[in-house]
Each structure stands twice: as structure tokens, then as C-alpha cells.
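Here's the structure we're looking at; comments come further down.
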Amino acid sequence: MSEAEMMSEIKDANLNYLMLAQQMIRADKVTAIFRLGISADIADLLEGLSNFQILKLSSSNMLLARFRFEDSAILSMLTDYTKDRSLANAHSAILLSGQPA
Amino acid sequence: MKQANVKKSVVSEGEQIQLATEMINLGARLQLLEAQTTLSRERLIKLYKELKGASPPKGMLPFSTDWFLTWQPNIHSSIFLNIYDYLLKYAGASDITAILKAYSLYLQQVGHDSEEEPVLSLTRAWTLIRYVDSKMLKLKSCSCCEGKFVVNAYDLNNNYLCNLCHIPSRAGKTKKAKELQYKLVSAAA
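Protein chains in written order, with the numbering used here: chain H, 228 to 328; chain E, 494 to 682.
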């Protein structure tokens, strides 16, 4: 993947993320706040963005969404579940919803 | 009459019926419906029969806190309670709507399909919230993964290790799990 391709992929990801987030918030704000892991203020802001604003915001060379597992120890534990995938899902659900928005 | 002083309004009754419908579809017992809506018992029974095609189950609700501490139920109720807390704290939801939203999120989170019964029923989820509100159960951070899990508020919980970091030796080895295993093996062979 060339540098230019990577940049355009990042922009695509940003645009996808913002559009999905906005749709989720408009459909059901409470559920969307949980699924996206954002605060209510940010949700209100994203909900009101115009298409042009979303396009402008997404055309950056850096990803707008952040990885939600910040602790490397926990992440390695979750990826090391060998026996049961449903347990890994349960564990990550508990850990993610325990994080502050 | 519980709500004798409240003026009867058709709109609010419509809302109550909608709420009760949603709860019945999620599997609520009659006691829960009576506690959370202003509709009369007769109307609720009628609604229940219309939606489910059968009379509501009779008898008392499960009342033990121990159930929430056994292995699989503990994991499931911890998922639900974490989601519920998140909705209260960050999404501004409250009361029964928070419980219903958290419960549907929980069902999606554990990948529940409508054929089999979920581990945590809506009625149990509601009981869990009541236990937490009355400080019989609480959430405690695991000292290994820092995830929060349901524990008895009166147990000694220093250096608490959660059920997922420290899986008990016989956990999950039920008859049902074994049958499923056999099925998978014979399907693969």
C-alpha cells in the first residue's frame, strides 16, 4: 500500500465512522452513546453536524476514532483467550463498559 | 388504587401500554409490570394474554442474591450491570427506560437468539438493580483485569479476583455444554 493510498483509506475510515456515528445517534441516542463510548456532549454535537461539516472533518490525515483498549496487559489477555470465544466477548464487554466515556 | 390522585389521561395510558408491551416482549413477569406501570392488574393480564397467547406465570419471583454470584450468572449480570451503570452515568437515561435499554444491549452483547432462554431474564435484571439499590450487591473491581463484577456487599472482597481471570475448575462443565460439545465433534467428523 502506497503512502497516498493509505491517506485516502484513512479519510474513508473517518468519513465512514462519522456517518455511522451520526446515524446511530439519530436512531437511538442512549444506545449509541454506549456503543460508541462517547459522552453525551459529543453525541449532541455529532448529531447536529451537516454533511459538509462531516466531509471537512473527515478529510484529515489522522484517524479520528481512538482505540478503546489502552492497557496493553488487558489487550493481550483478551487476545490470548484460546478456549472459548464467548468468554472473551463477555470479558471485553465488561471491561469496555466499565471505562469512562 | 395505587395512582388514585393522578388524573386519568388517554395519552399517558397509551404510553403505559406501550411500555408494558415492550416489557412483556422482553420476558417480564407480572410483578415487574405491576411495579413499573400504572396499569391495573386486570389490564396487564389481558395485555399479557394478547401478546403471549398464554396466562402469565404464577408464583413468587426468585429472591436470592446467591444466584447472581454463581459462575455463569455472575458474568452475565456483571455485563448487564456495567451497561446499566454506563447508561446512567453518561447517557442520561434513568429508571425503567435505562433498565430496558441496558437489557436489550445486554442481549445483543451476549449474542442471544430468540429460541433459547437468555441466562439473565429481564425480571432477574430488574431484581439485580433493586438489590444494588438496597446495597445488598455491588460492583467490585477485579485486582487482575480491573473489570467490575457483581459481588456480595457484605463479603470480604480484598484482592478480589473475578470469575474470568480466575475460572473455577468445574465452571461451565454442565450437561448442556457437554451435549453441545458432542454435537460439534460429531458434526466435524
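Think of the CB as a built atom: it goes at the ideal place given N, C-alpha and C, for glycine as much as any other residue.
Cβ atoms of V643 of chain E and F561 of chain E: under 8 Å apart, would you say? By 1-based counting over the second sequence, the position of residue 561 of chain E is 68. By 1-based counting over the second sequence, the position of residue 643 of chain E is 150. Cβ atoms of F561 of chain E and V643 of chain E: closer than 8 Å.
If we count Cβ pairs, one from each stretch, closer than 8 Å, do we get three or more for the region 632-640 of chain E versus the region 543-558 of chain E? Contact between the region 632-640 of chain E and the region 543-558 of chain E is absent: fewer than 3 CB-CB pairs across the two stretches fall below 8 Å.
Tell me, please, whether the CB atom of V612 of chain E is closer than 8 Å to any CB atom in chain H? Here residue 612 of chain E refers to the residue found at position 119 of the second sequence. No, V612 of chain E does not count as interfacial toward chain H.
Can you check which of these residues, E:S614, E:G640, E:L615, E:Y647, is closest to I628 of chain E by C-alpha distance? Position 135 of the second sequence, counting from 1, holds the residue named residue 628 of chain E. Looking at the sequence itself, residue 628 of chain E is Lys, so the reference to Ile does not match. With distances taken between Cα atoms, K628 of chain E lies closest to E:Y647.
Could you give the residue range of the alpha helix (DSSP H) that holds S324 of chain H? On the first sequence, residue 324 of chain H is found 97 positions in, with the first residue counted as 1. Looking at the DSSP string, the run of the alpha helix (DSSP H) that includes S324 of chain H is 312-324.
Can you name the start and end residues of the beta strand (DSSP E) that F642 of chain E belongs to? Indexing the second sequence from 1 puts residue 642 of chain E at position 149. Its beta strand (DSSP E) spans residues 641-645.
Give me the Cα-Cα distance between S636 of chain E and R293 of chain H, rounded to the nearest whole angstrom. On the second sequence, residue 636 of chain E is found 143 positions in, with the first residue counted as 1. On the first sequence, residue 293 of chain H is found 66 positions in, with the first residue counted as 1. For S636 of chain E and R293 of chain H, the distance between alpha carbons rounds to 26 Å.
What residues from chain E crowd round M304 of chain H, counting only those whose CB sits closer than 7 Å? Walking along the first sequence from the start, residue 304 of chain H turns up at place 77. Against M304 of chain H, the close residues of chain E are C638, in the order they occur along the chain (beta-carbon pairs closer than 7 Å).
Can you find a C-beta in chain E that's less than 8 Å from the C-beta of A267 of chain H? By 1-based counting over the first sequence, the position of residue 267 of chain H is 40. Yes - at least one Cβ of chain E is within 8 Å of the one on A267 of chain H.
So what's S571 of chain E in DSSP terms, helix, strand or just coil? The count along the second sequence starts at 1 and reaches residue 571 of chain E at position 78. Correct three-state label for S571 of chain E: helix.
For S235 of chain H, the three-state DSSP class (helix, strand or coil): Residue 235 of chain H sits at position 8 when you count from the first residue of the first sequence. S235 of chain H falls in the helix class under three-state DSSP.
In terms of residue numbering, what span does the beta strand (DSSP E) encompassing M633 of chain E cover? Here residue 633 of chain E refers to the residue found at position 140 when the second sequence is read from its first residue. Here residue 633 of chain E turns out to be Lys, not Met, going by the sequence shown. Residues 630-634.
CB contact below 8 Å: K495 of chain E versus chain H: As a working mapping, residue 495 of chain E is identified with position 2 in the second sequence. Confidence at K495 of chain E is low in this model, with a pLDDT of 49, below 50, so its placement is unreliable and the value that follows should be read with caution. Chain H, which has no Cβ nearer than 8 Å to the Cβ of K495 of chain E, makes this no.
So D268 of chain H is in the alpha helix (DSSP H); what residue range does that whole segment cover? One-based indexing of the first sequence puts residue 268 of chain H at position 41. According to the DSSP assignment, D268 of chain H belongs to the alpha helix (DSSP H) that extends over 267-274.
Just to make sure I have the definition right: I need the residues of chain H whose C-beta is within less than 7 Å of the C-beta of Q602 of chain E. Which are they? Translated into the one-based positions of the second sequence, residue 602 of chain E becomes position 109. Scanning chain H for C-beta atoms nearer than 7 Å to the C-beta of Q602 of chain E yields A320, reported in chain order.
Alpha carbon to alpha carbon, how far is D271 of chain H from A231 of chain H? Give it in angstroms, no decimals. Numbered from its first residue, the first sequence carries residue 231 of chain H at position 4. Numbered from its first residue, the first sequence carries residue 271 of chain H at position 44. Straight through space, the alpha carbons of D271 of chain H and A231 of chain H are spaced by roughly 33 Å.
Taking only beta-carbon positions, decide if S229 of chain H is within less than 8 Å of chain E. Your numbering for residue 229 of chain H matches position 2 in the first sequence. When Cβ-Cβ separations below 8 Å define contact, S229 of chain H makes no contact with chain E.
Between the alpha carbons of Q249 of chain H and L654 of chain E, how many angstroms are there, rounded? The sequence position of residue 249 of chain H within the first sequence is 22, counting from 1. The sequence position of residue 654 of chain E within the second sequence is 161, counting from 1. Rounded to the nearest angstrom, the two C-alpha atoms are 39 Å apart.
Terminal residues of the alpha helix (DSSP H) in which T590 of chain E lies: Sequence index remark: in the second sequence, residue 590 of chain E carries index 97 (1-based). Taken as a continuous stretch (DSSP letters only), the alpha helix (DSSP H) holding T590 of chain E covers 588-602.
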